[in-house]
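With UniProt numbering, the residue at position 152 of the sequence shown is 152, and numbering never jumps.
Glycine included, C-beta positions come from ideal geometry on N, C-alpha and C.
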Amino acid sequence: MTGTVEIGGPRPGDFGWLIGLHGRWYAERMGFGVDFERRIATIVADVAARLAPPRVTMLVARDPQGPLATLTADADDPDAAGRGHIRIVIAEERAKGRGLGKRLMAMGLESLSVSGSTGAWLDTCKGLDAARAVYLDAGFRLVAEAEGDNWGVHVVEQRYELDF
1 MTGTVEIGGP
11 RPGDFGWLIG
21 LHGRWYAERM
31 GFGVDFERRI
41 ATIVADVAAR
51 LAPPRVTMLV
61 ARDPQGPLAT
71 LTADADDPDA
81 AGRGHIRIVI
91 AEERAKGRGL
101 GKRLMAMGLE
111 SLSVSGSTGA
121 WLDTCKGLDA
131 ARAVYLDAGF
141 RLVAEAEGDN
151 WGVHVVEQRY
161 ELDF
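Structure representation (structure tokens):
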């Protein structure tokens, strides 16, 4: 479906949608289990409790069918050390090809810049090529790669960084 897309903050039901989509998406494509979904729920709950745009901003793109994609820009992440943390990035299948990843990333990075962050970082897994393209297009560079099983299955974990 195409149609008007609006981007704004979370609405009732969006946190549950986000957690469920992560659980289903990563189970189907990466073999992640319920432990991954539980960790995502904990991360989403932490971010939701600290939402305070522009320092901690959750962006949700939606069309008439509902939520399409999301990205969180967190300038107050205790692990950020002056850099903003881009996290909780995911999109529904019907979002493909609509440029939403690029739009959400630009808005998230602007939020971090306005908040005084010196740059941004994000962690991901190797093999998520569409997401990687968005990160590289925004100027992120791969700074670390290591094999690990922090998400319940063996993956190559990656860290990307961007200087403002």
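Query raised in the report: Can you give the beta carbon distance from Phe164 to Gly119, rounded, assuming they're within the 8 angstroms contact cut?
Result: As a first step, residue 164 is located in the sequence shown; it is residue number 164 there, counting from the start. As a first step, residue 119 is located in the sequence shown; it is residue number 119 there, counting from the start. Indeed, because the Cβ distance is near 5 angstroms, the residues count as touching under 8 angstroms.
Query raised in the report: Which class does Val156 belong to by DSSP, given the choice of helix, strand or coil?
Result: As a working mapping, residue 156 is identified with position 156 in the sequence shown. Correct three-state label for Val156: strand.
Query - Same chain only: Cβ atoms within 6 angstroms of Ser115, ignoring 5 sequence neighbours per side - result: Within the sequence shown, numbered from 1, the residue matching residue 115 stands at position 115. Result list for Ser115: Pro54, Arg55, Ala75, in chain order.
**Report entry** Identity of the residue in Ala146, Gln158, Pro67 nearest Pro12 by Cα
**Finding:** In the sequence shown, the residue the question calls residue 12 occupies position 12. When only C-alpha atoms are compared, the closest one is Pro67.
Query raised in the report: Short check: CB of Thr70 to CB of Asp14, under 9 angstroms?
Result: Start at 1 with the first residue of the sequence shown, and residue 70 comes out as number 70. Start at 1 with the first residue of the sequence shown, and residue 14 comes out as number 14. Contact annotation: Thr70 and Asp14 have beta-carbon atoms nearer than 9 angstroms.
Report task. Please check the pair Gly9 and Val60, which I expect to be a contact at CB under 8 angstroms, by giving their CB distance rounded to whole angstroms. Result -> Position 9 of the sequence shown, counting from 1, holds the residue named residue 9. Position 60 of the sequence shown, counting from 1, holds the residue named residue 60. Confirmed, Cβ separation roughly 7 angstroms.
Query raised in the report: Using the rule of at least 16 other Cβ atoms within 10 Å of the residue's Cβ for burial, across every protein chain shown, is Glu92 buried or exposed?
Result: Locating residue 92 in the sequence shown gives position 92, counting from the first residue. Here Glu92 is buried. Its C-beta has 16 or more other C-beta atoms within 10 Å.
Query raised in the report: Under 9 angstroms between the Cβ atoms of Arg159 and Leu128?
Result: Translated into positions along the sequence shown, residue 159 becomes position 159. Translated into positions along the sequence shown, residue 128 becomes position 128. No, these two residues do not count as a Cβ contact at 9 angstroms.
Report task. Tell me whether Val44 sits in a helix, a strand or coil according to DSSP, three-state version. Result -> For the purposes of this step, residue 44 is taken as the residue at position 44 of the sequence shown. Val44 falls in the helix class under three-state DSSP.
Query raised in the report: Based on the DSSP output, what are the partners of Ala69 in its beta bridges?
Result: Along the sequence shown, one-based indexing puts residue 69 at 69. Looking at the DSSP assignment, Ala69 forms a beta bridge with Ala61, Ala91.
Query raised in the report: Does DSSP put Trp121 in a helix, a strand or coil?
Result: The residue you call residue 121 lines up with position 121 of the sequence shown. Looking at Trp121 - three-state DSSP - the assignment turns out to be strand.
Requested in this report: Go to Leu18, then tell me how far its beta strand (DSSP E) extends in each direction, as first and last residue.
Outcome: Counted from its first residue, the sequence shown places residue 18 at position 18. First-last for Leu18: 14-30, but that is the alpha helix (DSSP H), not the beta strand (DSSP E).
Query raised in the report: Measuring CB to CB, does Ala144 end up less than 9 angstroms from Ser117?
Result: Taking the first residue of the sequence shown as position 1, residue 144 is located at position 144. Taking the first residue of the sequence shown as position 1, residue 117 is located at position 117. Against a cut-off of 9 angstroms, the Cβ pair of Ser117 and Ala144 comes out as no contact.
Query raised in the report: Of all the options Arg29, Val156, Gly152, Gly82, which has the alpha carbon lying nearest to the alpha carbon of Asp35?
Result: Stepping through the sequence shown from its first residue, residue 35 is reached at position 35. Checking every option, the nearest Cα to that of Asp35 belongs to Gly152.
Requested in this report: Put Arg103 into one of helix, strand or coil per three-state DSSP.
Outcome: Walking along the sequence shown from the start, residue 103 turns up at place 103. Helix at Arg103.
Query raised in the report: How many whole angstroms separate the CB atoms of Arg141 and Glu157, which I take to be in contact at a CB cut-off of 8 angstroms?
Result: If you number the sequence shown from 1, residue 141 lands on position 141. If you number the sequence shown from 1, residue 157 lands on position 157. That pair is no contact at about 16 angstroms.
**Report entry** Reference Val134; option with closest CA among Glu28, Gly82, Arg39, Arg103
**Finding:** Within the sequence shown, the letter at position 134 stands for residue 134. The residue with the shortest Cα to Cα distance from Val134 is Arg103.
Report task. Round the Cβ separation of residue 194 and Ile19 to the nearest angstrom and send it over; I've been treating them as touching at under 8 angstroms. Result -> Residue 194 lies beyond the range of the chain shown here (1 to 164); nothing can be said about it.
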